[in-house]
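Enquirer:
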Amino acid sequence: MRSQIKYSEHLRSLFNIGAPLIGGHVAQFGITLTDTVMLGWYSVEALASVVLGGTFFFVVFIFGSGFAIAVMPLVAEADAAGDESALRRVTRMGLWLSVIFGIIGLPLFIFSGPLLRFLGQSAEIASLAQVYLRVAGLGLLPALLVMVLKSYLAALENTRVVFWVTLSAVPANLFINYLLIFGNWGFPELGVKGAAIASLGVHAVTLAGVVFYSQMFFPHHALFQRIWRPDWDVFGHVLRQGVPIGLTNLSEVGLFAASSLMMGWLGTIPLAAHGIAIQLSSLTFMVHLGLSNAATVRVGNAMGRKDAEHMARGARVAIGTSVLTAIIAVGVFLVFPEFLLGLFIDPEEPQRDAILSIGVMLLYVAALFQVMDGMQIMALGLLRGVQDTRGPMVIAAFSYWVIGVPSGYFLGFVAGLNGVGIWLGLVSGLSLAAALLMWRFWQVDLKLLRHRFASTR
5 MRSQIKYSEH LRSLFNIGAP LIGGHVAQFG ITLTDTVMLG WYSVEALASV VLGGTFFFVV
65 FIFGSGFAIA VMPLVAEADA AGDESALRRV TRMGLWLSVI FGIIGLPLFI FSGPLLRFLG
125 QSAEIASLAQ VYLRVAGLGL LPALLVMVLK SYLAALENTR VVFWVTLSAV PANLFINYLL
185 IFGNWGFPEL GVKGAAIASL GVHAVTLAGV VFYSQMFFPH HALFQRIWRP DWDVFGHVLR
245 QGVPIGLTNL SEVGLFAASS LMMGWLGTIP LAAHGIAIQL SSLTFMVHLG LSNAATVRVG
305 NAMGRKDAEH MARGARVAIG TSVLTAIIAV GVFLVFPEFL LGLFIDPEEP QRDAILSIGV
365 MLLYVAALFQ VMDGMQIMAL GLLRGVQDTR GPMVIAAFSY WVIGVPSGYF LGFVAGLNGV
425 GIWLGLVSGL SLAAALLMWR FWQVDLKLLR HRFASTR
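Be aware that the sequence shown starts at 5, since it is given in the numbering used here, and climbs by one per residue.
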């Protein structure tokens, strides 16, 4: 029976799906990382503006990606049940919803400068961020479409192409940045605008690669055949799943975006240090995210087979792997903070020591939330696999915005802990979310599924 699969086999399956996804997420992170490092070597102001602009872009993107993430468990369940029609219909309507959201979101980037000034950012940094976003924002639509197709391929347990396509984009982004940020080889020196052009180009090329692969290797799914025809029943189903996922993502990313805004109130140097520390902690988060995606696929597949015990064993393996990753990250952050931070800053930068001083303390706090950050994203992956999206949305909103953001503000500005206090607020929100989301999967959803599946045998 499927429920008797050994833990070692679950681990092997998890890595077969998760390793390429982790690699793809890390490669995607590498694109953002190269922007941050190269702009950090260009100027502190450029670094701070792209930290702000990149956060703004990511907040909009992660909300819209809810439709793509909703596609993953639905396709996994349809694939396990052998229903190619449902698989095709779900993916198509995920693409539809992503296009609609991408068009609606574009004005936010065009008028981002006034929005950022309204949120308390300095005129200089807000203006530079708007320069970046007016170009990079055009990449929202291809980025969302890539997410839908990556979810479709991941649900089919065909994830290697996601890794290779994304990995190939990293050197391309690095090369274009080299030409356009600094004006090398006779190209114009465009600074933050050059980084934005590179990001836009990467999103477009990645979309072309994923579309080509999907057409070549899964022609029988006919994803793009008569794609203009609406499928309102499935459209509504993906919409109902995707909006709560998007709002959950928005709650979490909004927590970090709020921390970036509050760090901006402290000044350019704290914001730059915060941006570097966030990049470093995001690297380990990419591993947790890949494992979470793999857990979503495995749980969605178990849903299609109606096998709760198989689901529980797979969940334990995924959680244990995430905890081990977090422990390794804690050790690295505590032992090598100055070395890691120094990679992002020009040795001749006059404010280097000030940035390092703040950044080291932030990395120490980042070490505190590694396990909890991993647990909350793992729980979300498991819950999405069983198509539970509304309860997690409420838990996330409460944990991050009723507890996390107010705690960060209080500790940072009222208690006078500045950047460290803001980051301790992150710890509180993530910890509460992790505890509540894990409780919901194990004590609510899994128990209900065990009863439901037993009654259908």
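Just so it is clear, CB atoms sit at the ideal spot from N, CA and C, and this is done for glycine as well.
Just so we're clear, the structure is a prediction, and the values are computed from it rather than from any experiment.
1) Given this structure, state the Cα-to-Cα distance separating Leu386 from Ala319, to the nearest angstrom.
2) Quick check on the burial criterion: 16 or more other C-beta atoms within 10 angstroms. Buried or exposed for Ala458?
3) For Arg6, which three-state DSSP category applies?
4) Under the three-state reduction of DSSP, which class applies to Gln447: helix, strand or coil?
5) Return the Cβ separation of Leu18 and Thr329 in integer angstroms, given the expectation that the two are a contact with Cβ distance under 8 angstroms.
6) Drop a sphere of 10 angstroms on the beta-carbon of Trp100, count the other beta-carbons inside from all chains shown, and report buried for 16 or more, exposed for fewer.
7) Do Leu149 and Gly106 have their beta-carbon atoms positioned less than 9 angstroms apart in this structure?
8) Grouping DSSP H, G and I as helix and E and B as strand, with all else coil, what is Phe222?
9) Take Ala140 as the anchor and find which of Ala82, Phe67, Asn188 and Val54 has the nearest alpha-carbon.
10) What are the complete alpha helix (DSSP H) segments, minimum 4 residues, inside the region 369-395?
11) Tell me the rounded alpha-carbon separation between Glu353 and Ile26.
12) Using the beta-carbon count (16 or more within 10 Å), is Val75 buried or exposed?
13) Using a Cβ-Cβ cutoff of less than 8 angstroms, which residues in the same chain neighbour Pro234 once the five nearest sequence positions on both sides are dropped?
14) Please say whether Tyr217 and Val169 have beta carbons closer to each other than 9 angstroms?
15) Give a yes or no on whether the C-beta atoms belonging to Leu144 and Phe65 are separated by under 9 angstroms.
16) Only counting the same chain, and skipping five residues up and downstream in sequence, which positions put a Cβ closer than 7 angstroms to that of Ala281?
17) Taking 9 angstroms as the threshold (C-beta atoms), are Phe186 and Tyr11 in contact?
18) Here's the rule: buried if 16 or more other CB atoms are within 10 angstroms of the residue's CB, otherwise exposed. What is Val339?
19) For Gly308 and Met315, what's the separation of their Cα atoms in angstroms?
20) As a quick exercise: from Ala80, Phe289, Ala52 and Ala200, pick the residue whose alpha carbon is nearest that of Tyr136.
21) Quick check on the DSSP output: the alpha helix (DSSP H) that includes Val103 runs from which residue to which?
Expert: Reading off the structure:
1) Taking the sequence shown and counting its residues from 1, one reaches residue 386 at position 382. Taking the sequence shown and counting its residues from 1, one reaches residue 319 at position 315. Distance between the alpha carbons of Leu386 and Ala319: 7 angstroms.
2) For the purposes of this step, residue 458 is taken as the residue at position 454 of the sequence shown. Ala458 should be labelled exposed.
3) Numbered from 1 along the sequence shown, position 2 holds the residue referred to as residue 6. Confidence is the limiting factor: at Arg6 the pLDDT is only 45, short of 50, which leaves the residue's position unreliable and the question unanswerable from this model.
4) Numbered from its first residue, the sequence shown carries residue 447 at position 443. Of the three classes helix, strand and coil, the one that applies to Gln447 here is helix, per DSSP.
5) Here residue 18 refers to the residue found at position 14 when the sequence shown is read from its first residue. Here residue 329 refers to the residue found at position 325 when the sequence shown is read from its first residue. Rounded, the Cβ-Cβ distance is 12 angstroms, inconsistent with contact.
6) As a first step, residue 100 must be located in the sequence shown, where it is residue number 96. By the 10 Å Cβ count, Trp100 comes out buried.
7) Within the sequence shown, residue 106 is the residue found at index 102, counting from 1. Within the sequence shown, residue 149 is the residue found at index 145, counting from 1. Contact: yes.
8) Reading the sequence shown from its first residue, position 218 is the one you call residue 222. In the structure shown, Phe222 sits in coil (DSSP, three-state: anything other than H, G, I, E or B).
9) The sequence position of residue 140 within the sequence shown is 136, counting from 1. The shortest C-alpha separation from Ala140 is found at Val54.
10) 374-389
11) Within the sequence shown, residue 353 is the residue found at index 349, counting from 1. Within the sequence shown, residue 26 is the residue found at index 22, counting from 1. When rounded, the distance between both Cα atoms is 34 angstroms.
12) Position 71 of the sequence shown, counted from the start, is the residue given in the question as residue 75. Classification of Val75: buried, given that the 10 Å Cβ count is 16 or more.
13) Taking the first residue of the sequence shown as 1, we reach residue 234 at position 230. Cβ within range, chain order: Trp100.
14) Counting from 1 along the sequence shown, the entry for residue 169 is found at position 165. Counting from 1 along the sequence shown, the entry for residue 217 is found at position 213. Yes, these two residues count as a Cβ contact at 9 angstroms.
15) Here residue 144 refers to the residue found at position 140 when the sequence shown is read from its first residue. Here residue 65 refers to the residue found at position 61 when the sequence shown is read from its first residue. The answer is yes: Cβ separation under 9 angstroms.
16) Within the sequence shown, the letter at position 277 stands for residue 281. Result list for Ala281: Gly363, Leu366, Leu367 and Ala370, in chain order.
17) Position 7 of the sequence shown, counting from 1, holds the residue named residue 11. Position 182 of the sequence shown, counting from 1, holds the residue named residue 186. Against a cut-off of 9 angstroms, the Cβ pair of Phe186 and Tyr11 comes out as no contact.
18) Indexing the sequence shown from 1 puts residue 339 at position 335. Exposed, by the Cβ-count rule.
19) If you number the sequence shown from 1, residue 308 lands on position 304. If you number the sequence shown from 1, residue 315 lands on position 311. Taking the straight line from one Cα to the other gives about 11 angstroms.
20) The residue given as residue 136 occupies position 132 in the sequence shown. Nearest C-alpha to Tyr136: Ala200.
21) As a working note, residue 103 is residue 99 in the sequence shown. Residues Glu88 to Ile114.
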